Every structure is written in structure tokens, then in C-alpha cells.
Amino acid sequence: MQYDAIVIGSGQAGKPLTFSLADRGWSVALIERGELGGSCVNSG
Ligand SMILES: Cc1cc2nc3c(=O)[nH]c(=O)nc-3n(C[C@H](O)[C@H](O)[C@H](O)COP(=O)(O)OP(=O)(O)OC[C@H]3O[C@@H](n4cnc5c(N)ncnc54)[C@H](O)[C@@H]3O)c2cc1C
423 MQYDAIVIGS GQAGKPLTFS LADRGWSVAL IERGELGGSC VNSG
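Final position of the sequence shown in this note's numbering is 466; the numbers increase by one with none missing.
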């Protein structure tokens, strides 16, 4: 499988970037090793 971008981490940086690129028509893979949402929503 090929993607236009691969974003590592679904935190405050990765999630908006992923959606922003997808809104522009990019195919994006978002890779998260822990809990979706990163430190802000899960522990902050
Ligand atoms: C207790 C606490 C309270 C906070 N309170 C506030 C506040 O009141 N106001 C404020 O503005 N900020 C606050 N922050 C800071 C805020 O949470 C961070 O600035 C923000 O979450 C950073 O976003 P980020 O996307 O850079 O990193 P993160 O949110 O940490 O997301 C990174 C993600 O990447 C994943 N990841 C990392 N390495 C890999 C890998 N190799 N492969 C796959 N996934 C990976 C992690 O699992 C994580 O989900 C707080 C932080 C903490 C810990």
C-alpha cells in the first residue's frame, strides 16, 4: 500500500495534520503506538 504521507503520532500535532492533508485529497496513514489522541486528551 502506498500513501502520500505517513504521520506518526495522533496527538495535538498529528491528528490535525492528518485531517488537513486528507482534506486536500492526500491519502494519509496515521500511526499510533498508544492511545488515540495523545497526551492532552488522555493524560493532560
Ligand atoms: C499532565 C499534562 C497537562 C497538560 N496541560 C496542558 C494545558 O493545560 N494546556 C496546553 O496547552 N498543553 C498542556 N499540556 C501539553 C500538551 O498535552 C502537549 O503540548 C501536546 O499534547 C503535544 O502534542 P503532540 O502531538 O506534540 O504530542 P502528544 O500529544 O504527546 O502526541 C504524541 C503521540 O505520538 C505517539 N507516538 C510517539 N512516538 C511514536 C512512535 N514511534 N510510533 C507511533 N506513535 C508514536 C504517542 O503515543 C502519542 O500519542 C499538558 C501535558 C501534560 C502531560
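Backbone N, C-alpha and C fix where the C-beta goes; we use that ideal spot for every residue, glycine too. Since the model is a prediction, treat every value here as computed from it, not as a measurement.
Buried or exposed (CB count within 10 angstroms, at least 16 for buried), residue i
i, result
"S432", "buried"
"L458", "exposed"
"G436", "buried"
Counterpart residues of residue i in DSSP-defined beta bridges
i, result
"V450", "A427"
Near ligand 1: residue i beta-carbon under 7 Å from a heavy atom
i, result
"A427", "no"
Minimum C-alpha distance to residue i - residue among the options
i, options, result
"C462", "D426, V429, I430, Q434", "Q434"
"E479", "M423, D445, D426, T440", "With the chain running from 423 to 466 in the structure shown, residue 479 is simply not present."
"G460", "I430, M423, Q424", "I430"
> Quick one, what's near ligand 1 if you take every residue whose CB is closer than 6 Å to any heavy atom, in chain order?
Replying inline: Residue list for ligand 1: I430, G431, S432, G433, Q434, A435, G436, I453, E454, R455, G456, G460, S461, C462, S465, G466 (CB closer than 6 Å to any heavy atom, chain order).
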